[in-house]
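*Asks:* In my numbering, the protein residues as written are 453 to 817.
We put the CB at the ideal spot given by N, CA and C, even for glycine.
The model shown is predicted, which means the values in this text are computed figures rather than measured ones.
(1) With a threshold of 8 Å on Cβ separation, who are the neighbours of residue 774 within its own chain once the five nearest residues in sequence on each side are excluded?
(2) Between residue 787 and residue 626, what straight-line distance do the alpha-carbon atoms span, to the nearest angstrom?
(3) What number of angstroms, rounded off, separates the C-alpha of residue 769 from the C-alpha of residue 743?
(4) Bridge partners for residue 602 per DSSP, in chain order?
(5) Under the rule that 16 or more other beta-carbon atoms within 10 Å means buried, what is residue 502, buried or exposed?
(6) From the DSSP output, in three-state form, read off residue 788 for me.
(7) Using CA atoms only, rank isn't needed, just tell me which of 792, 791, 758 is closest to residue 785.
(8) Just to check my reading of the structure: residue 698 and residue 710 have Cβ atoms closer than 8 Å, yes? What is that Cβ distance to the nearest angstrom?
(9) If we call anything under 8 Å between Cβ atoms a contact, is residue 479 one with residue 565?
(10) Taking the CB atoms as reference points, tell me whether residue 637 and residue 646 lie closer together than 8 Å.
(11) Report back the beta-carbon spacing between residue 859 and residue 656 to the nearest angstrom; my notes put them in contact at under 8 Å.
(12) When the distance is taken between beta carbons, is residue 587 closer than 8 Å to residue 604?
(13) Roughly how many angstroms separate the alpha carbons of residue 700 and residue 735, rounded to a whole number?
(14) Would you list the residues sitting across from residue 687 in a DSSP beta bridge?
(15) Here's a check: name, in chain order, each residue in its chain whose Cβ is nearer than 6 Å to the Cβ of residue 499, leaving out the five neighbours to either side.
(16) For residue 535, does the three-state DSSP call read helix, strand or coil?
(17) Look up residue 639 in the DSSP assignment and give the residues it is bridged to.
(18) Tell whether a beta-carbon distance below 8 Å holds between residue 658 and residue 589.
(19) For residue 673, which residues in the same chain have their Cβ closer than 6 Å to its Cβ, ignoring the five residues on either side in sequence?
(20) Which of the three DSSP states, helix, strand or coil, is assigned to residue 517?
(21) Among 490, 472, 620, 476, which one has its Cα closest to the Cα of residue 557?
(22) Decide if residue 644 is buried, meaning its Cβ has at least 16 other Cβ atoms within 10 Å, or exposed.
(23) Report the three-state DSSP secondary structure of residue 660 (helix, strand or coil).
(24) Rounding to the nearest angstrom, what Cα-Cα distance links residue 594 and residue 525 in this structure?
(25) What does residue 633 pair with, by DSSP beta-bridge criteria?
(26) So residue 777 and residue 619 are in contact, right, with Cβ under 8 Å, and what is the actual spacing, rounded?
(27) Give the DSSP-derived three-state secondary structure of residue 608 in the structure shown.
(28) Suppose the cutoff is 8 Å on Cβ atoms and the five residues either side in sequence are ignored; what does the same chain contact list for residue 668 look like?
(29) Check each candidate in 616, 576, 514, 543 and name the one with the smallest Cα separation from residue 609.
(30) From residue 720 to residue 664, what distance separates their C-alpha atoms?
(31) Looking only at C-alpha atoms, which of 516, 568, 571, 554 sits nearest to residue 545?
(32) Would you please state the rounded distance, in angstroms, between the beta carbons of residue 686 and residue 782? I believe it to be under 8 Å.
(33) Here's a check: name, in chain order, each residue in its chain whose Cβ is nearer than 6 Å to the Cβ of residue 455, leaving out the five neighbours to either side.
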């Protein structure tokens with residue numbers, strides 16, 4: 453241990469951000485164990501490394517007692533008074549017990565401790581870096597497939613794109629560059645575990661934030677997203693400035709902005725609608741591209757009964773109910789869609805039933 457070693461620790465602190473004091477504290481703790489192991493000592497010892505010269509010293513720590521029972525751990529009050537008259541019972545006295553060959557042992561342990569601390573520090577730095585990026589988009593290179601999970605190289609770390617977080621139309625090749633959403637970052641003994649997603653609604657939101665300056669600067673706000681990854685999504689947007697068209701801002705000139713997002717999502721269809729604080733208007737818009745004639749709300753059960761033109765019924769419901777299902781997710785309301793003809797039939801049946809009930813009542817009387 454010498455000044456060169458301390459100089460190396462200073463450089464390490466500058467280049468890697470690893471505190472010199474943390475390394476020295478860890479080394480002192482490691483040397484305590486090394487001393488006890490190499491010198492078969494049961495003493496209570498403390499190791500000190502001089503921060504200026506790098507010199508290593510070992511001190512045996514003994515407690516002042518009236519009568520000594522274990523000389524390795526205790527010192528008599530009488531002997532302590534000879535060293536300093538101010539010592540009292542239960543005071544701690546340190547005696548230097550540095551072995552001649554301890555410098556070699558210290559050097560061996562120093563290498564191990566420094567390497568270990570570098571690894572731990574780098575893992576910690578990487579964890580903090582990516583923990584701060586939870587909910588953000590990262591770009592990485594696909595490395596390989598392991599049990600249906602893709603491993604993605606993010607530069608300083610490796611991330612996992614699990615099978616359940618991949619879109620159904622995603623196909624990757626090794627070395628391909630992809631974007632993904634940082635779902636969560638967990639600390640493990642082997643370093644940070646970074647989980648990615650391409651199906652999360654947040655991925656769609658972040659992609660639009662990258663493409664649409666008005667969203668990035670807060671002029672346009674994404675109010676809600678409903679997504680069936682790889683198939684279709686609905687996104688409700690609102691503008692703080694009444695002079696800004698939120699839907700037009702997201703679509704972009706000649707549809708370039710939305711097309712860029714669609715391309716990243718491998719052809720996923722995206723319906724962009726204008727959010728409204730008026731629930732009936734919001735629900736009507738959520739069923740786009742279908743046209744809505746009327747919306748009737750049951751606020752107690754949060755059910756919206758929607759009337760659409762006869763020729764718009766299948767469009768409003770969508771293939772396998774997809775359009776209605778996404779609209780319900782987007783608005784948070786259960787949506788019951790009926791055509792005008794169905795509502796008229798329902799009213800006629802209700803009138804007929806009322807007439808039957810009335811006849812039955814008259815007959816009874």
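*Replies:* Let me spell this out:
(1) Sequence-distant Cβ neighbours of residue 774 in its own chain, meaning closer than 8 Å and more than five residues away, are 680, 683, 684.
(2) If you take the alpha carbons of residue 787 and residue 626, they lie about 44 Å apart.
(3) Computed Cα separation, rounded: 11 Å.
(4) According to the DSSP secondary-structure assignment, residue 602 is paired through a beta bridge with 597, 613.
(5) exposed
(6) Taken through DSSP and simplified to helix, strand or coil, residue 788 comes out as strand.
(7) 758
(8) Not really, about 13 Å apart at Cβ, beyond 8 Å.
(9) yes
(10) yes
(11) Coverage of the chain is limited to positions 453 through 817, which leaves residue 859 absent and any answer about it impossible.
(12) no
(13) Rounded to the nearest angstrom, the two C-alpha atoms are 20 Å apart.
(14) 677, 724
(15) 480, 483, 484, 510
(16) helix
(17) 644
(18) Yes; because the gap between Cβ atoms is below 8 Å, this pair is in contact.
(19) 690
(20) strand
(21) 490
(22) buried
(23) helix
(24) 60 Å
(25) 589, 649
(26) Between residue 619 and residue 777 the Cβ distance is about 18 Å, and since that is not below 8 Å, they are no contact.
(27) Of the three classes helix, strand and coil, the one that applies to residue 608 here is coil, per DSSP.
(28) 661, 662
(29) Closest by C-alpha distance to residue 609, out of 616, 576, 514, 543, is 576.
(30) 18 Å
(31) For residue 545, the nearest C-alpha among the options comes from 516.
(32) 5 Å
(33) 506
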